[in-house]
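What follows is a short report on a single structure.
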Amino acid sequence: MPEANGLTPGRVLEAYRTVLRARALDDRRFVLNRAGKLAFIISPRGHEVAQVAAIAALQPGRDRFCLYYRNFAAALACGFTPEELMLSAFARAADPSSGGRQTPGNFGSRRRGIVIGSSTVGPQIPKAAGIGLALKWKGEGALCYVSFGEGATSQGDFHEGLNFAAIHRCPVIFFCENNHWAISVPQALQVAGPGVAERAAAYGIPGVRVAGDDFFAVHAAVAEAAERARSGQGPSLIEAEVLRLQSHSTDDDQRAYRGAAELAAEAQRDPIPRLRDALIERGWLSMEADQTMRDEVNREVERATEVAEAARDPEPGSLGAHVYADA
Amino acid sequence: MPERTLVQAVRDALYEEMERDDRVCVLGEDVGLKGGVFKATEGLQQRFGAQRVLDTPLAESSIAGVAQGLSLEGFIPVAEMQFADYSLPAFNQIVNEIAKVRYRSNGDFSSPLVIRAPTGGGVRGALYHSQSPEAFYCHVPGLKVVIPSTPADAKGLLKAAIRDPDPVIFLEPKKLYRAERQEVAEGEAALLPLGSAAVVRRGTDLTVVTYGYMRAVTVQAADRLSLDGIEVEIIDLRTLLPWDIESCVRSIEKTGRLAVVYEANRTGGFGAEVAAELAERCFASLDAPVSRIASPDVPAMPFNPTLEHAFMLNPDKVADGLRRVARY
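Quick note, the sequences are listed as chains A and B, same order.
Reminder that position 190 of the first sequence reads as 190 in our numbering, one-by-one numbering, no gaps.
Our numbering runs 327 ahead of the 1-based position in the second sequence.
Put into structure tokens, the structure is as follows:
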């Protein structure tokens with residue numbers, strides 16, 4: 001029974017509910033996008049289990065999280081509510097991340113320790129090293145988790161951030177969600193060799209590759225990295241192999257550059273049924289309980305959508321607010 | 328009051344602010360035992376230790392990124408870019424990350440920090456140790472940009488920059504680092520507010536708005552014009568973003584003429600913004616076209632001394648330009 005690292009059936013089921021919530025919200029966002037109500041969405045489809053498993057091994061409220069734009073499920077796991085994420089999707093004034101200023105997917109909440117992201121690729125990586133350095137100086141045992149896709153590992157900021165964090169043994173977990181595609185560019189044109197994890201050796205830090213659809217494997221890898229970080233042993237690099245079951249964004253159509261057979265085969269490997277089956281196999285979940293949970297989540301999505309759709313937009317006069325401290 | 332060079336004044340400001348507030352820390356290449364390539368951080372690591380005075384890897388993007396991470400956790404980092412030319416690898420971190428974090432989080436996050444860099448030429452530094460990139464940063468709402476031109480201003484403005492709630496790009500004219508000594512106040516008496524220009528020469532015939540090393544060059548040029556009976560009023564902006572428009576307007580309403588003198592190349596320089604803004608505000612007061620006196624539009628300052636001289640503005644070139652405005 002995999003109950004190491006504080007994993008109880010209750011906690012795993014709560015994580016599973018978060019995974020379902022992410023998928024249901026995302027499906028609804030796509031419908032709303034096609035209906036012309038949402039301008040732009042980046043889907044976590046295929047990444048949800050890896051994201052929620054990673055966050056479940058950490059301590060939201062204590063740790064810091066530098067998320068990237070595909071971290072919709074991770075944001076939920078860190079404490080964002082469905083309503084808040086729908087407010088962000090509609091770019092409403094009450095969007096807690098940016099008040100409707102950024103595209104949805106740039107998550108931020110100071111009180112939750114979620115450091116506001118941006119839409120350029122990779123700049124959060126050296127920033128996480130700096131946050132990690134500050135956390136090391138504070139000595140309170142908190143860590144910084146930073147995530148990114150495999151495309152971001154081509155950026156100089158990936159090297160600079162890992163190099164700095166490794167030199168100073170900063171409590172940072174570098175979590176790469178490798179879905180093998182950076183928009184239309186495949187992994188073979190992004191990374192030479194087997195993948196990203198091997199790069200850790202160059203910085204003298206541990207690097208592991210895990211199956212991103214295996215909740216327990218991802219959780220164990222992140223829990224081990226967290227233990228290293230909290231005990232002063234420095235950063236780790238984790239590469240979670242995941243599938244991108246949706247196009248890069250609502251402005252992309254991956255059928256233009258990926259074969260139909262490949263896409264159909266990947267759709268059969270959706271990680272959510274795999275997690276459900278694993279929970280049923282352990283006797284923690286029944287088909288009936290699963291359906292009940294899905295019904296509850298769907299009602300949450302309904303309510304969140306209604307609230308967000310009816311919420312007000314930012315005032316035009318707020319355009320110039322928060323440029324500087326005094327304006 | 329002790330006499331200090333500009334670079335000593337920078338070092339004093341860092342020392343005093345680190346003494347005053349233990350959240351203040353310094354990071355950059357060679358800032359530790361070496362004390363910086365220009366000695367702006369000399370003795371700081373010996374006094375405050377290797378944590379608060381941190382030698383970083385030779386990688387400017389992470390210097391800026393790490394500095395922002397520290398600021399997000401409540402520290403007040405003063406990052407040194409060894410030359411302003413080398414701030415460009417950090418451009419994305421500065422422009423897209425540091426400058427925008429308050430705005431993009433709707434005020435939830437902020438990054439109070441300072442990025443210091445030696446700027447400008449005239450020291451045989453050649454293409455990559457002589458650039459004046461201030462216009463890049465002045466184009467970025469969310470940043471503040473400071474260029475001091477005297478030891479007292481450098482100290483007072485750097486102390487204010489460290490205490491400012493917003494990120495400040497602090498550009499130090501390296502040609503002035505050891506050019507003069509001046510009595511510089513200590514402690515709170517040294518503080519100077521950001522955003523306030525200084526009228527450094529009174530005159531009635533022509534206003535010059537300038538900053539950085541060009542202040543000294545313009546003062547020499549103005550002395551020559553004075554021999555011909557032309558009295559130049561010189562305003563040193565000191566802070567470029569936000570800049571003290573009102574002080575400039577008041578002067579132009581008196582003199583009716585404006586020249587803007589800046590060391591960067593002419594096209595798209597910050598002086599072009601000054602010229603445009605003041606032409607718009609002071610149209611009814613102006614008796615002559617607003618003139619820019621700036622360096623030529625070549626990629627950077629060459630190493631060869633003849634070519635360096637040909638690039639740099641000097642009192643002769645500035646005086647020629649000012650006479651044209653005065654006689655229009």
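C-beta atoms are modelled at their ideal positions from N, C-alpha and C, and glycine is treated no differently.
Check: Cβ-based neighbour list, residue 266 of chain A, same chain, cut-off 7 Å, excluding 5 preceding and 5 following; Outcome: 243, 245
Check: Neighbour-count burial assignment, residue 213 of chain A, 16 or more Cβ in a 10 Å radius; Outcome: buried
Check: Cross-chain neighbours of residue 361 of chain B in chain A, by beta carbon under 7 Å; Outcome: None at all; the shortest Cβ gap to chain A is about 18 Å.
Check: N-terminal and C-terminal residue of the alpha helix (DSSP H) that residue 634 of chain B is part of; Outcome: 632 to 638
Check: Residues from the region 173 to 203 of chain A in contact with chain B, defined by Cβ distance under 8 Å; Outcome: none
Check: Simplified DSSP state of residue 423 of chain B, which is helix, strand or coil; Outcome: helix
Check: Inter-residue Cα distance where the pair is residue 380 of chain B and residue 508 of chain B; Outcome: 26 Å
Check: Per DSSP, the bridge partner or partners of residue 78 of chain A; Outcome: Beta-bridge pairing links residue 78 of chain A to no other residue.
Check: Contact with chain A by residue 536 of chain B, beta-carbon distance below 7 Å; Outcome: no
Check: Residues sharing a beta bridge with residue 528 of chain B, DSSP; Outcome: B/561
Check: Distance between residue 340 of chain B and residue 356 of chain B (C-alpha atoms, nearest Å); Outcome: 19 Å
Check: Distance cut-off 6 Å: residue 79 of chain A Cβ against heavy atoms of the ligand ADP; Outcome: The ligand ADP is absent from the structure shown, which contains no ligand whatsoever.
Check: Residue 2 of chain A, DSSP secondary structure in three states; Outcome: Summary for residue 2 of chain A: the model assigns pLDDT 45, below 50, so the residue's position carries little reliability; its value from the coordinates is reported in the next sentence. DSSP places residue 2 of chain A in coil when its eight states are reduced to three.
Check: Chain A residues whose Cβ lies nearer than 7 Å to that of residue 349 of chain B; Outcome: Correct list: empty, because the minimum Cβ distance to chain A is about 11 Å.
Check: Residue range of the beta strand (DSSP E) that includes residue 382 of chain B; Outcome: 380 to 382
Check: The region 471 to 481 of chain B touching the region 451 to 458 of chain B, judged by at least three CB pairs closer than 8 Å; Outcome: no
Check: Reduced DSSP secondary structure (H/G/I, E/B, other) of residue 450 of chain B; Outcome: coil
Check: Residue 297 of chain A vs residue 53 of chain A beta-carbon contact at 7 Å; Outcome: no
Check: Proximity winner among B/464, B/486, B/640, relative to residue 347 of chain B (alpha-carbon distances); Outcome: B/486
Check: Residue-level contact to chain A via CB, residue 270 of chain B, 7 Å cutoff; Outcome: An answer regarding residue 270 of chain B cannot be provided, because it is not within the stretch 328 to 655 covered by chain B.
Check: Close Cβ partners of residue 436 of chain B (< 8 Å) along its chain, the five nearest in sequence each way excluded; Outcome: 399, 428, 429
Check: Counterpart residues of residue 237 of chain A in DSSP-defined beta bridges; Outcome: A/174, A/207
Check: Against chain A: residues of the region 365 to 382 of chain B by CB proximity under 8 Å; Outcome: 378
Check: Within 7 Å, strictly: CB atoms of residue 152 of chain A and residue 393 of chain B; Outcome: no
Check: Limits of the unbroken alpha helix (DSSP H) element including residue 362 of chain B; Outcome: Element bounds for residue 362 of chain B: n/a, residue is neither H nor E.
Check: Short CB-CB distance (under 7 Å) between residue 409 of chain B and chain A; Outcome: no
Check: Residue from A/134, A/48, A/239 with nearest C-alpha to residue 401 of chain B; Outcome: A/134
Check: Entirely enclosed alpha helix (DSSP H) segments - the region 33 to 116 of chain A, minimum 4 residues; Outcome: 48 to 56, 72 to 77, 82 to 89
Check: Local conformation of residue 537 of chain B per DSSP, three classes; Outcome: strand
Check: Sub-7 Å separation of residue 44 of chain A and residue 90 of chain A beta-carbons; Outcome: no
Check: DSSP-derived helix/strand/coil call for residue 650 of chain B; Outcome: helix
Check: Beta-bridge partners of residue 147 of chain A, as assigned by DSSP; Outcome: A/175
Check: Residue 130 of chain A in three-state terms, based on DSSP; Outcome: helix
Check: C-beta neighbour in chain B for residue 155 of chain A, strict 7 Å; Outcome: no
Check: Pairwise C-alpha distance: residue 448 of chain B and residue 565 of chain B; Outcome: 18 Å
Check: Reduced DSSP secondary structure (H/G/I, E/B, other) of residue 552 of chain B; Outcome: helix
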